[in-house]
Amino acid sequence: MIHLQNLRLSYPGPDGQEAPVLALRDWRAARGEQLALVGGSGSGKTTLLNLISGLLKPNQGVVEVAGTDLATLGEARRDRFRAEHIGYVFQSFHLLDGFSARENVELGAVFAQGKPEPGRAAELLEAVGLGHRMNYPPSKLSVGQQARVSLARALMNKPEVLLADEPTGSLDPENAAQVLALLRDTAEAHNITLICATHDREVADAFPRCDRVEDLA
939 MIHLQNLRLS YPGPDGQEAP VLALRDWRAA RGEQLALVGG SGSGKTTLLN
989 LISGLLKPNQ GVVEVAGTDL ATLGEARRDR FRAEHIGYVF QSFHLLDGFS
1039 ARENVELGAV FAQGKPEPGR AAELLEAVGL GHRMNYPPSK LSVGQQARVS
1089 LARALMNKPE VLLADEPTGS LDPENAAQVL ALLRDTAEAH NITLICATHD
1139 REVADAFPRC DRVEDLA
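So this is what it looks like as structure tokens:
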């Protein structure tokens, strides 16, 4: 499902020299596999998720997802591929307060081909326990509820890959456990490859596989 090989990502430094951000030899994740990515602050967990999703393009290497090498695509085609194959639960959720929870979920279909299934956003919010809050803006929802909206949006286009960047980082233990269970149960039910970046040892221990980013170079 996912194969990363000989990845290099760097940015120009203040002295004009390239400053390395991430280097990775060979890494794979199978269809339906669930795993945690761990590492210290600045180790490259979010950067790795952004490469897998096509939000970033490497300086060199292969980023193969579902048979497509994203490293060979331009930005517009990466955006379209991400919309159709990858769901992303961002650390800060990135919900728009000028829209209701339902409208925020529907925005997950903006870059995908075709029209979203009628009623799918409402069905997803029902599935995450927010059917009674679907017309509320994010500012009227708790942080835990916002996390559920973000998950529903990530599932809008029936992704093959689900990426979650510190999805429990801002949650209390009870909500964190609920959101983590939703992520894992949903991925298992639909055979979705789930990759969760976390600094929380308890979250990492909930996954059958745990990779340390520093060990992948």
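Residues in the sequence shown are numbered from 939 upward in steps of one, following the numbering used here.
Glycine included, each C-beta is placed from N, C-alpha and C at the ideal position.
For this session: Determine the closest residue to Pro1164 out of Ser1088, Gln943, Ala957, with distance taken between C-alpha atoms.
Result: Since the first residue of the chain shown is 939 and the last is 1155, residue 1164 is not available in this structure.
Exercise. For Thr1124, is the classification buried or exposed, using 16 other Cβ atoms within 10 angstroms of its Cβ as the cut-off for buried?
Worked result: For the purposes of this step, residue 1124 is identified with residue 186 of the sequence shown, where counting begins at 1. That one is buried.
Exercise. Any idea what DSSP makes of Leu960, helix, strand or coil?
Worked result: As a first step, residue 960 must be located in the sequence shown, where it is residue number 22. Of the three classes helix, strand and coil, the one that applies to Leu960 here is strand, per DSSP.
Exercise. Looking at the unbroken beta strand (DSSP E) that takes in Val1000, where does it start and where does it end?
Worked result: On the sequence shown, position 62 is the one that residue 1000 refers to. Counting along the chain, the beta strand (DSSP E) containing Val1000 begins and ends at 998-1003.
For this session: Please go through the stretch 1043-1096 and give each complete alpha helix (DSSP H) segment of 4 or more residues, from N-terminal end onward.
Result: Within the stretch 1043-1096, the complete alpha helix (DSSP H) runs of at least 4 residues are 1058-1065, 1081-1092.
For this session: Leaving out five residues on either side along the sequence, give the residues of the same chain with a beta carbon under 6 Å from the beta carbon of Pro1076.
Result: One-based indexing of the sequence shown puts residue 1076 at position 138. The beta carbon of Pro1076 sits closer than 6 Å to those of Leu1033, Asp1035, Gln1084, all from its chain and outside the five residues before and after it, given in chain order.
Exercise. Is Ser1108 closer than 8 Å to Tyr1074 when the C-beta atoms are compared?
Worked result: The residue you call residue 1074 lines up with position 136 of the sequence shown. The residue you call residue 1108 lines up with position 170 of the sequence shown. Tyr1074 is not a Cβ neighbour of Ser1108, given a cutoff of 8 Å.
Exercise. Run through DSSP, which three-state label would Ala967 get?
Worked result: In the sequence shown, the residue the question calls residue 967 occupies position 29. Ala967: strand per DSSP, three-state reduction.
Exercise. Excluding the five sequence neighbours on either side, which residues of its own chain have a C-beta within less than 7 Å of the C-beta of Leu986, listed in chain order?
Worked result: Here residue 986 refers to the residue found at position 48 of the sequence shown. The residues are Leu960, Leu975, Val1151.
For this session: Put Gln1116 into one of helix, strand or coil per three-state DSSP.
Result: For the purposes of this step, residue 1116 is taken as the residue at position 178 of the sequence shown. It is helical.
For this session: Provide the residue span of the alpha helix (DSSP H) that contains Ala1142, from first to last.
Result: By 1-based counting over the sequence shown, the position of residue 1142 is 204. For Ala1142, the enclosing alpha helix (DSSP H) has its first and last residue at 1139-1143.
For this session: Please classify His941: does DSSP put it in a helix, a strand, or coil?
Result: Position 3 of the sequence shown, counted from the first residue, corresponds to residue 941. In this structure, His941 counts as strand in the three-state DSSP scheme.
Exercise. To which residues of the same chain is Cys1148 closer than 7 Å at the C-beta, ignoring the five residues directly before and after it?
Worked result: Numbered from 1 along the sequence shown, position 210 holds the residue referred to as residue 1148. Taken in chain order, the residues that qualify are Leu973, Ala974, Val976, Ala1142.
Exercise. Going along the chain, which residues of its own chain have a beta-carbon closer than 7 Å to the beta-carbon of Ala1004, five neighbours each way excluded?
Worked result: As a working mapping, residue 1004 is identified with position 66 in the sequence shown. Once the five neighbours on either side are set aside, the close Cβ partners of Ala1004 are Met939, His1023, Glu1098.
Exercise. Thr1136 by DSSP, collapsed to three states: which one?
Worked result: Translated into positions along the sequence shown, residue 1136 becomes position 198. Note: Thr1136 maps to coil in three-state DSSP.
Exercise. Roughly how many whole angstroms lie between the Cα atoms of Ala1144 and Asp1103?
Worked result: In the sequence shown, the residue the question calls residue 1144 occupies position 206. In the sequence shown, the residue the question calls residue 1103 occupies position 165. For Ala1144 and Asp1103, the distance between alpha carbons rounds to 15 Å.
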